[in-house]
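Participant: Next up is a structure, given as structure tokens.
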Amino acid sequence: MFDVAGIPVPNLTKPTKEVPKYGCRDCGEAHERTTKVIGKCVAKEAIQYWAEKVGREGMYTVLTDDPSLSFEDAKRKIKASEIDTKGQSETAMDRGSQIHNWLEMIGDSVPCDEPPFPGYVEQAKRFLDDFDVDILKTEFQMAHCGLGYAGTVDGIARIGKQPPRRNRQYDLTGKLVLFDYKTNKAGRTYVPSHSLQLQCYLEALQWSLEHRVDGPTQQGPELGLLVGIGEESYSTRVVEADADAVKTLLDWYQVIS
Ligand SMILES: [Zn+2]
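For the sequence shown, the working numbering assigns the number 171 to the initial residue and increments by one for each residue that follows.
Printed below as a string of structure tokens:
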């Protein structure tokens, strides 16, 4: 059984306006924010350049999860997802962080009444109930000192059951997952940047378990779960750990920064 208490806590200083990176006291280096790495790497020009450098097939696999897409369709898909994310108004960001806080309290079993945005909260409860989610730990920082990035994930959970009509190609019953909530009106999970983000966290956790823990290495979760919480519906997307994708992303980040 996975021991959550065995997840190492990195010794990081928070990024600030002046110093926009994490300072890592474990290795003495500065680590980039995961969201910054991804934001920069999936920018339109970067994608174009990357397509030329690593080949289209590799790019599709990493960015769209769907190698069968045509180049134009992949570009459209990527563009659409970026507009959706960047188009979030301040109200939407504020709503997102309030719902996040509420979900964190639920995860930590902190009593709370008067939930904000009842529609969203209702959908979050549906998700937790449908998958019989046992939240083991919420909001924790991870650092990958090997590849030089850090970030905070919404949590780690054990999934109790697999609802029949969701994520048909996976059976999540009994599985340990890293999960990240995405709140937006339609309750969607975005491709590609959100999948990559979760893959970065999966790698960072595994790296930490292998390098920052004394004694035998635990196998961390091999799957991530993106949970899109909307006003009237929710959706889930399973993300598989992919060390190569993360390595490629960070290599690429070195090239463009
Ligand atoms: Zn470090």
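Where a beta carbon is used, it is the ideal one built from N, C-alpha and C, also for glycine.
Kindly confirm or deny that the segment 408-425 and the segment 362-374 touch, where touching means at least three C-beta pairs closer than 8 Å.
Facilitator: yes
Participant: Counting only runs that start and end within the segment 323-405, where is the alpha helix (DSSP H) found for 4 or more residues in a row?
Facilitator: The qualifying runs are 363-381.
Participant: For a test of your reading of the model: does the CB of residue 313 fall under 7 Å from any non-hydrogen atom of ligand 1? Yes or no.
Facilitator: Because some heavy atom of ligand 1 lies under 7 Å away, the Cβ of residue 313 counts as near it: yes.
Participant: Is it buried or exposed for residue 357, if we count other Cβ within 10 angstroms and need 16 for buried?
Facilitator: buried
Participant: Apply the 10 Å Cβ neighbour rule to residue 312 and answer buried if 16 or more other Cβ atoms are within range, or exposed otherwise.
Facilitator: buried
Participant: What runs of the alpha helix (DSSP H), each 4 residues or longer, lie entirely inside the segment 260-318?
Facilitator: Correct list: 260-277, 288-300.
Participant: Can you name, in chain order, every residue of its own chain whose Cβ lies under 8 Å from the Cβ of residue 174, other than the five neighbours on each side?
Facilitator: 306, 307, 326
Participant: With which residues is residue 409 paired in a DSSP beta bridge?
Facilitator: 394
Participant: Are the C-beta atoms of residue 412 and some chain D residue less than 8 Å apart?
Facilitator: Among the chains in the structure shown there is no chain D, since it carries only a single protein chain.
Participant: My understanding is that residue 297 touches residue 265, with C-beta atoms under 8 Å, so please give their C-beta distance in whole angstroms.
Facilitator: Actually they do not touch by this definition, with Cβ atoms about 17 Å apart.
Participant: Which residue from 309, 315, 316, 393 puts its Cα closest to that of residue 344?
Facilitator: That would be 393, whose Cα lies nearest to the Cα of residue 344.
Participant: By how many angstroms is the C-alpha of residue 198 removed from the C-alpha of residue 293?
Facilitator: If I take the Cα positions, the gap works out to 42 Å.
Participant: At a cut-off of 7 Å, is residue 199 close to ligand 1 when judged by its beta-carbon and the heavy atoms of the ligand?
Facilitator: With a cutoff of 7 Å, residue 199 counts as near ligand 1, since its C-beta is closer than that to a heavy atom of the ligand.
Participant: Output the boundary residues of the alpha helix (DSSP H) element that contains residue 211.
Facilitator: 204-211
Participant: For residue 254, does the count of other Cβ atoms within 10 angstroms reach 16, so buried, or fall short, so exposed?
Facilitator: Residue placement at residue 254 is flagged as unreliable, the pLDDT there being 45, under the threshold of 50; the coordinate-derived value follows with that caveat. Under this definition residue 254 is an exposed residue.
Participant: On the DSSP bridge assignment, give the partners of residue 320 in chain order.
Facilitator: Assignment of beta-bridge partners to residue 320 by DSSP yields 203, 313.
Participant: Out of 333, 366, 352, which has the shortest C-alpha to C-alpha gap to residue 268?
Facilitator: 352
Participant: What is the C-beta distance between residue 420 and residue 408, in whole angstroms, given that I count them as a contact (C-beta under 8 Å)?
Facilitator: Not a contact, Cβ separation roughly 23 Å.
Participant: Is the separation between the beta-carbon of residue 412 and that of residue 369 shorter than 8 Å?
Facilitator: yes
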